[in-house]
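Take a look at the structure set out below.
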Amino acid sequence: MTNSIKSKIVGTGRYHPKKIYTNDDLTSMMDTSDEWIRERTGIKKRHIIDLEAKEYPSFMAQKATEQALEMANMDRNEIDLILYSITYSEMSFPNTASLTQLALGITNKCPCLDINAACTGWAYGLELVDLYLKSGRYKNILLIGCDVPSSFLDWEDRNTAVLFGDGCGAMIFQGVENSSEEHDIHLTKLACDATHAMNLALMTGGIRNPITKEILDAKKYPQTLHMDGKVIFKNAVKTMTDLASSILDKMNLNQEQIDWLVPHQANIRIIEAIARRFDFPMEKVITNIEDYGNTSSATIPTAFDEAVRSGKIQRGNKILFTSFGSGLTSAAGLITY
Ligand code: UT7
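Here you go:
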């Protein structure tokens, strides 16, 4: 390890599909209401991909990365590793990171790797970014957090369909040697408790339950997202709060010393419960769930990009993030922007 290297966020970007479903739009598909969705989740609308317009994950990543490259003032061929967090890939293979290299027109043969840790995937990727940069192996890493839940939702199931949306966030990280600035990824902590793995799952489409005509006809397994909302809600609040607290303990910091908390955006009630338990003011919590719903591994990088571009997050700010998803995976960490 070359300890003189610090990790720096040099560019961020995001893309949300053009098509929007408001809560009122959903009332024609299922028995729900704008009032219920807003009160129970905080969501007002969500963006949904248009396959005919080829709004694929690699296309979304291309658009988000172009913004990040512009912010970083960097040529695309300076990226020397692409990490792509996605839960349900664009194709079974090749991986979505490779398709993104192609979409971006990167010709330097940089390695391309997908990460699947569901909603927590971006945070899992962040730990890899930090280890790779500090080892000196790579200099400029593109980390994408993108998900398209609309492709595996039952659009008649009000228990799940109202919660999610599609989106993509891109971040470019640079390893900077002997930097006098504070920027860094200071600490990351990843975890997984598989006890409740089946409480948030898409059971078909893999090796165990391939999509065959027999399975589709027999409707043997749910072919869309299966979620036990209450189990997930409770686990999400406890795990995200505990992990965020453990980061502060390890870093010997208190809540006042943190400028922003950027939590995974699954439900505004989950976020408010974490802030309450964690004794953290909501004014310092970055949220974007109102406009996009739960975009899975895109929630943190898109919220981060919005906050940077609106001037909320400034250079030198200390940012705590905490995340949770299928697995049940979880992660938290501390960054100085
Ligand atoms: O990234 C991680 C993935 N997911 C999550 O983090 C989700 C975690 N869970 C949640 O956010 C919440 O559990 C939900 C939003 C899914 C559900 O909220 P809840 O407050 O736990 O509602 P509930 O399931 O207890 O349902 C209350 C009532 C029920 O009616 P009855 O039995 O009281 O008559 C539901 O049938 O609300 C009904 N309901 C709805 N009504 C209108 C459930 N969904 C809807 C809906 N519209 N969309």
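For what it's worth, our numbering labels the leading residue of the sequence shown as 31, then goes sequentially. Note that CB positions come from ideal geometry on N, CA and C, so glycine has one too. Values in this document were obtained by computation on a predicted structure and should not be read as measured data.
Spatially closest choice to residue i from the options, by CA coordinates
i           : options               : result
residue 348 : 36, 361, 340 and 365  : 365
residue 43  : 247, 102, 179 and 124 : 102
residue 350 : 166, 203, 280 and 183 : 280
residue 107 : 90, 137 and 129       : 137
residue 34  : 241, 150 and 163      : 163
residue 309 : 294, 285, 322 and 316 : 285
residue 73  : 301, 361, 339 and 220 : 301
residue 321 : 238, 114 and 51       : 51
residue 203 : 345, 132 and 168      : 168
residue 363 : 245, 247, 253 and 154 : 154
residue 221 : 151, 338, 144 and 239 : 151
residue 47  : 91, 69 and 71         : 91
residue 342 : 316, 112 and 332      : 316
residue 261 : 233, 225, 287 and 241 : 225
residue 58  : 219, 191, 113 and 240 : 191
residue 435 : 159, 118, 361 and 77  : In this structure the chain extends from 31 to 367, so residue 435 is not present and cannot be described.
residue 186 : 125, 352, 337 and 55  : 55
residue 307 : 290, 268, 140 and 120 : 268
residue 161 : 105, 139, 104 and 219 : 219
residue 180 : 244, 245, 65 and 77   : 77
residue 232 : 68, 124, 253 and 120  : 253
residue 119 : 312, 100 and 89       : 89
residue 49  : 66, 60, 75 and 287    : 75
For residue i: DSSP bridge partner residues
i           : result
residue 308 : Its beta-bridge partners do not exist; DSSP assigns none.
residue 293 : 352
residue 239 : In DSSP, residue 239 forms no bridge with anything.
residue 201 : 42 and 173
residue 60  : Looking at the DSSP assignment, residue 60 forms no beta bridge with any residue, so it has no partner.
residue 257 : 230
residue 218 : 363
residue 51  : 76
residue 142 : 112
residue 35  : 207
residue 315 : 291
residue 123 : BP columns for residue 123 are empty, so no partner.
residue 194 : 324
Beta-carbon gap between residue i and residue j smaller than 7 Å
i           : j           : result
residue 53  : residue 193 : no
residue 359 : residue 147 : yes
residue 354 : residue 274 : no
residue 229 : residue 258 : yes
residue 142 : residue 165 : no
residue 184 : residue 79  : no
residue 177 : residue 356 : no
residue 217 : residue 277 : yes
residue 36  : residue 209 : yes
residue 182 : residue 81  : no
residue 145 : residue 122 : no
residue 319 : residue 270 : no
residue 367 : residue 345 : yes
residue 62  : residue 188 : yes
residue 38  : residue 159 : no
residue 112 : residue 126 : no
Supposed contact pair residue j and residue i - C-beta distance, whole angstroms, cut 8 Å
i           : j           : result
residue 45  : residue 84  : Their Cβ separation, rounded to whole angstroms, is 13 Å, which puts residue 45 and residue 84 out of contact at 8 Å.
residue 263 : residue 292 : Actually they do not touch by this definition, with Cβ atoms about 20 Å apart.
residue 198 : residue 174 : 7 Å
residue 109 : residue 170 : 5 Å
residue 135 : residue 98  : That pair is no contact at about 15 Å.
residue 331 : residue 201 : 5 Å
residue 172 : residue 95  : 6 Å
residue 227 : residue 290 : No, residue 227 and residue 290 are not in contact; Cβ-Cβ is about 31 Å, not under 8 Å.
residue 294 : residue 352 : 7 Å
Distance cut-off 6 Å: residue i Cβ against heavy atoms of the ligand ATP
i           : result
residue 355 : Within the structure as shown, the ligand ATP is missing, the only ligands being the ligand UT7.
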